[in-house]
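Scroll down for the structure; my scribbles are underneath it.
Chains as they are written, first to last, in my numbering: chain E, 468 to 816; chain H, 1484 to 1813.
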């Protein structure tokens, strides 16, 4: 009940999320290999933030860290995730943590994933969710579920009595959003919300995400490998590479004028509806995995067309320029912007 | 309605299977070295019967008349079978096989079912523990206990148990389903006698299939633990008890298939276990009938065991449809 009260209070002002100096490492061969390395990031209240990166860039690990759900044997070795009205999620354990998952942060799984118990109907699982969070008014809960389902353009009666295997990919994804929002979460995290969906379902799911975000006044994080999806949805865009945030800023700005050579590469690799397919150029090389991430210097230098000698020696600091943040020596030099030093100072300011 | 149709189809398939088995046993008897039908017929002739009397006696014994063409014999046999007439026993001096089988079946069925129930409950719980504690010494120990017991043949377990607990450390009575000095009835001493006599055979059944349950459940739980919906349930903040129920119910699914198979395995094992513990069940009759060349009893017992296994399979199949919505078909 308290969760609902705080949620209602927050309705007036969406909750913000502040990730600072987050490092998630996986032990391997006696070493700790960071999948997410010293990431600082703000999710602006009431805005959609898009997180882009290739597979293995650490974006899903980062999303799970927001829920304090880093899969074993991964470990959060530094940093904090502060959510307004909840506090540092990473310091929560046990039932305290459990109560935040659901009512505090809603998590929507990748569309291709099976996020429902195959042996129970959607309705029964929604009731399980309510009961798990001490909801006494199950009738009211079902009414809200029905409203949410209808809101997504689905037949509520049918969906509630369906099993997962009776729903299509697009329907599953919408049902996943219903589960995430049923308990009035103020922060919504969507991991690859449209991957594995056909174009029409993709468009309608994107439309739904936009609408619920606006109607419910959420703070939303959309994770995708697809710049098109992020460009369509996000107010702000964060580009990750090898566990680092390499560029962050307003989506329109990033799409129009990418600073980091990796972001430029991603944009150049996107095929356009107009124009020749030949114009899309794949990034050279392959993204590094945990074992092949360079130990020192810039993690992107081996695939970077602008690499300089300095890139091999030290990791590029964050550069702030007109609401944009990027970590690149070459781009910083050409922009002539001021270096903000370390990520922590940037996040604190 | 849908269920009734499914049940009808399953039963029809079961009947076809029983028919195949009955035909198999019929021709097995006919093709056996020494031809038991002719042997019985000639035996009667040697005892001074005239050919017609011998033919009639053999007909009474086997339910079909020898010296007729094989198809006619086969037809008569099936006709008798359709009327639940399994012929008459040789070793029990013409007692109908159906009577002997009916008297023996409860002992085996009760033993096998309690053995399955006990091993299922213990094996499945141990399997869940072994899966959750798989990186600890305790978990390893459980898994090893499962592999070890799974590897020992049923009759070896039965003999070791009998030797250990009725001979070296005689805390359990040996042989027979109950103490013959106690009058059968609903009284405490008789029931206690039944339980103590049944204990070791049931343990033998249970130990022989415990390992299978443990190992299967362990791998099943581990695979379900890695499923997306379990992580999803945790990220939605579901109560640990609810998550555990999700895991258990999903992990149990593959075990239902094995349950059906294991009933057949257990009935097969009854041949050894009932012989070792001198228990008057179906396995015991089967073995005895082979020893005494009592072919009608042999085919009858075999047919009943097969029928029981087929029906257990049908039941498991139907149950599977109840617990897994994905296999329900319109």
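Just so it is clear, CB atoms sit at the ideal spot from N, CA and C, and this is done for glycine as well. For clarity, every value in this text was computed on a predicted model and none was experimentally measured.
Could one say the Cβ of residue 536 of chain E lies closer than 8 Å to chain H's Cβ atoms, at least one of them?
-> Yes, contact with chain H.
Can you tell which of E:750, E:639, E:674 has its C-alpha closest to the C-alpha of residue 708 of chain E?
-> Minimum Cα distance to residue 708 of chain E is reached at E:750.
Between the segment 480–513 of chain E and chain H, which residues of the former have CB atoms less than 8 Å from a CB of the latter, in chain order?
-> Within the segment 480–513 of chain E, not one residue has a Cβ closer than 8 Å to any Cβ of chain H.
How many angstroms separate the CA atom of residue 513 of chain E from the CA atom of residue 686 of chain E?
-> As the crow flies, the alpha-carbon of residue 513 of chain E is around 5 Å from that of residue 686 of chain E.
CB-CB under 6 Å to residue 547 of chain E, same chain, minus the five flanking residues each way: which ones, in chain order?
-> The residues are 487, 555, 557.
Alpha carbon of residue 1511 of chain H to alpha carbon of residue 1611 of chain H, nearest angstrom | For the pair residue 1511 of chain H and residue 1611 of chain H, the Cα-to-Cα distance works out to about 45 Å.
Closer than 8 Å to chain H by CB, residue 569 of chain E = Flagged as an interface residue toward chain H: residue 569 of chain E, by a C-beta distance shorter than 8 Å.
In three-state terms, what does DSSP make of residue 495 of chain E?
-> Assigned with DSSP and collapsed to three states, residue 495 of chain E falls in strand.
Short check: CB of residue 793 of chain E to CB of residue 731 of chain E, under 8 Å?
-> Cβ atoms of residue 793 of chain E and residue 731 of chain E: not closer than 8 Å.
How about residue 1591 of chain H and residue 1753 of chain H: do their beta carbons lie closer than 8 Å?
-> Yes, these two residues count as a Cβ contact at 8 Å.
How many angstroms separate the CA atom of residue 1795 of chain H from the CA atom of residue 1588 of chain H?
-> For residue 1795 of chain H and residue 1588 of chain H, the distance between alpha carbons rounds to 14 Å.
Proximal residues, the segment 1721–1743 of chain H versus chain E, C-beta separation under 7 Å = Among the residues of the segment 1721–1743 of chain H, those with a Cβ less than 7 Å away from any Cβ of chain E are 1721, 1722, 1725, 1729, 1732, 1733, in the order of the chain.
Span of the beta strand (DSSP E) around residue 1722 of chain H | Looking at the DSSP string, residue 1722 of chain H is not in any beta strand (DSSP E), and its letter there is neither H nor E.
Should the segment 1576–1584 of chain H be called in touch with the segment 1670–1680 of chain H, which here means at least 3 C-beta pairs below 8 Å?
-> Fewer than three pairs of CB atoms, one per stretch, sit closer than 8 Å, so the segment 1576–1584 of chain H makes no contact with the segment 1670–1680 of chain H.
Answer with yes or no whether the minimum CB distance from residue 1813 of chain H to chain E is below 8 Å.
-> Because residue 1813 of chain H sits at a pLDDT of 43, beneath the cut-off of 50, its placement in the model cannot be relied upon, and the following sentence gives the value as read from the coordinates. Taking Cβ atoms only, chain E never reaches closer than 8 Å to residue 1813 of chain H, which makes this a no.
Closest by CA to residue 481 of chain E, which one among E:780, E:682, E:675, E:736?
-> Nearest of E:780, E:682, E:675, E:736 to residue 481 of chain E, Cα basis: E:682.
Pick from E:497, E:511, E:518, E:510: whose alpha carbon is nearest that of residue 710 of chain E?
-> Selected option, being the one with the closest Cα: E:518.
Return no unless some Cβ of chain E is closer than 8 Å to the Cβ of residue 1617 of chain H.
-> False, the Cβ-Cβ gap to chain E never drops below 8 Å.
Within 10 angstroms of the Cβ of residue 1783 of chain H, are there 16 or more other Cβ atoms? Answer buried if so, exposed if not.
-> Residue 1783 of chain H comes out buried.
So which residues of chain H does residue 825 of chain E contact, with C-beta pairs closer than 9 Å?
-> In the structure as shown, chain E starts at 468 and stops at 816, and residue 825 of chain E therefore has no counterpart that could be examined.
Can you name the residues that DSSP bridges to residue 866 of chain E?
-> Past the boundaries of the shown model lies residue 866 of chain E; chain E is included only from 468 to 816, so the question cannot be answered.
In whole angstroms, what is the alpha-carbon distance linking residue 1665 of chain H and residue 1802 of chain H?
-> Going by C-alpha positions, residue 1665 of chain H is about 40 Å away from residue 1802 of chain H.
Residues bridged to residue 717 of chain E [DSSP beta-bridge criterion] | In the DSSP output, where bridge partners are listed per residue, residue 717 of chain E has E:703.
Distance between beta carbons of residue 483 of chain E and residue 1720 of chain H, contact taken as under 8 Å = Between residue 483 of chain E and residue 1720 of chain H the Cβ distance is about 21 Å, and since that is not below 8 Å, they are no contact.
Considering only residues of the same chain and omitting the five flanking positions on each side of residue 472 of chain E, which have a CB-CB separation below 7 Å?
-> Model confidence at residue 472 of chain E stands at a pLDDT of 43, short of 50, so the residue's coordinates are unreliable and nothing is read from them.
When the Cα atoms are used, what is the spatial distance from residue 688 of chain E to residue 713 of chain E?
-> When rounded, the distance between both Cα atoms is 17 Å.
Return the Cβ separation of residue 782 of chain E and residue 795 of chain E in integer angstroms, given the expectation that the two are a contact with Cβ distance under 8 Å.
-> Not a contact, Cβ separation roughly 11 Å.
Is the CB-CB distance between residue 571 of chain E and residue 654 of chain E below 8 Å?
-> In this structure, residue 654 of chain E lies closer than 8 Å to residue 571 of chain E by Cβ.
Within 10 angstroms of the Cβ of residue 539 of chain E, are there 16 or more other Cβ atoms? Answer buried if so, exposed if not.
-> Exposed, since its Cβ has fewer than 16 Cβ neighbours within 10 Å.
Measure from the C-beta of residue 1800 of chain H to each C-beta in chain A and report whether the shortest distance is under 8 Å.
-> This model lacks chain A altogether, as its protein chains are E and H.
In its own chain, which residues sit with a C-beta less than 8 Å from the C-beta of residue 520 of chain E, not counting the 5 before and 5 after it?
-> Cβ contact annotation for residue 520 of chain E (same chain, cutoff 8 Å, sequence separation greater than five): 526, 692, 706, 707, 708, in chain order.
How would you list, in chain order, the residues of chain H whose beta-carbon sits under 7 Å from the beta-carbon of residue 646 of chain E?
-> Within chain H, 1719 have C-beta atoms less than 7 Å from the C-beta of residue 646 of chain E, given in sequence order.
Which residues in the same chain have their Cβ closer than 8 Å to the Cβ of residue 1534 of chain H, if we skip the five residues on either side of it in sequence?
-> Spatial neighbours of residue 1534 of chain H in its own chain (CB-CB distance under 8 Å, excluding positions within 5 residues in sequence) are listed in chain order as 1528.
Rounded C-beta distance between residue 1508 of chain H and residue 1524 of chain H? I'm assuming under 8 Å.
-> The pair is not a contact, with the Cβ atoms about 19 Å apart (cut-off 8 Å).
Apart from the five residues on each side of it in sequence, which residues of its chain come closer than 8 Å, Cβ to Cβ, to residue 780 of chain E?
-> Within its own chain, the residues whose Cβ lies closer than 8 Å to the Cβ of residue 780 of chain E, once the five positions on either side in sequence are excluded, are 763, 764, listed in chain order.
Can you find a C-beta in chain H that's less than 8 Å from the C-beta of residue 559 of chain E?
-> No - not a single Cβ of chain H is within 8 Å of the one on residue 559 of chain E.
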